[in-house]
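Right under this line is the structure:
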């Protein structure tokens, strides 16, 4: 067998934990809009409402009036309610992660999950898609199965940057005032750019994160470094990257062996099958062992689709 179903207990726990995780993410996104605070500032006889941001930037909303008082009261009320709900959900999430670990719900390598979460926390998640072997973790979780370990073993994760959102990516990363490498270092401080491979970050245990891009099209900058930091990473042009860039997306919660959860953004299963079959049969200079694994992975995902265990998007 190429895959086996999760136990009934693990399957139920997976459903419950994803519900908690999704609600936590939803409320967390709402709470971010209420980051910082509001206060009244008085200058002589003039009093006005000030909005502060988490980075301590301030903006004046307007003079004290019935309208600005309503704005202030609504902000304070919503912020209080969201913080209380978020606190409750954070505790529920801890309980879910504990049960995930106890029931062996997930097995995504911890470095992969930590990298995904660091990128999401930085607000950059929509700019990257997991391509290659690690996408299988999203598919098996969505299908409620465990794919045989032999089809999964790998010591690196490939992240494809969506070059179609170039301007927005530069803006989003610029707001962070940091580099892509530093974002990875939030997941693991030992990540550094691999010598001789500017597209790769490697940690102290030899786990690698490879950044890929499509061949330059239109106004795509080339060569492209993520930031002005001289030590930052340079995504490398990948085989058939335009196909992957334009493929429908498939997002699903994944779980590590420690019970922690993160959102994995990848490509649709059917697109994965097509790409892996091409790699197995037509890619030049592909090692025979990798061709066999490509074909096996394609066959496994196709079987999940054929049996109705996996659909285009959960």
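In our numbering, the protein residues as written are 29 to 342. Cβ coordinates follow ideal geometry from the N, Cα and C atoms, glycine included.
- In the three-state scheme derived from DSSP, where H, G and I count as helix and E and B as strand, residue 52 is classed as helix.
- Non-local beta-carbon contacts of residue 34 in its own chain, meaning distances under 8 Å to residues more than five positions away in sequence, involve 42, 133, 172, 173 and 174 in chain order.
- Take residue 64, set aside five residues on each side of it, and the residues of its chain with a beta-carbon closer than 6 Å to its own are 80, 81 and 82, in chain order.
- Here residue 70 is bridged, per DSSP, to 75.
- Beta-bridge pairing by DSSP links residue 250 to no other residue.
- Every unbroken stretch of the alpha helix (DSSP H) spanning 4 or more residues and falling wholly within the segment 274-332 is given here in chain order: 297-309.
- Residue burial annotation: residue 91 is exposed, with fewer than 16 other C-beta atoms found within 10 angstroms of its C-beta.
- When the beta-carbon positions are compared, residue 207 and residue 149 stay at least 7 Å from each other.
- Contact check for residue 67 against residue 78 passes: the beta carbons are separated by less than 7 Å.
- The beta carbons of residue 266 and residue 212 sit about 19 Å from each other, so the pair does not count as a contact at 8 Å.
- Around the Cβ of residue 116, a 10 Å sphere holds fewer than 16 other Cβ atoms; the residue is exposed.
- Check the Cα spacing between residue 105 and each of 62, 124 and 144: the tightest is with 62.
- For residue 287, the number of other beta carbons within 10 angstroms of its own is at least 16, and it is reported as buried.
- By a beta-carbon distance limit of 8 Å, residue 282 does not contact residue 300. Their separation comes to about 15 Å.
- Assignment of residue 263 by DSSP, reduced to helix, strand and coil, places it in the coil class.
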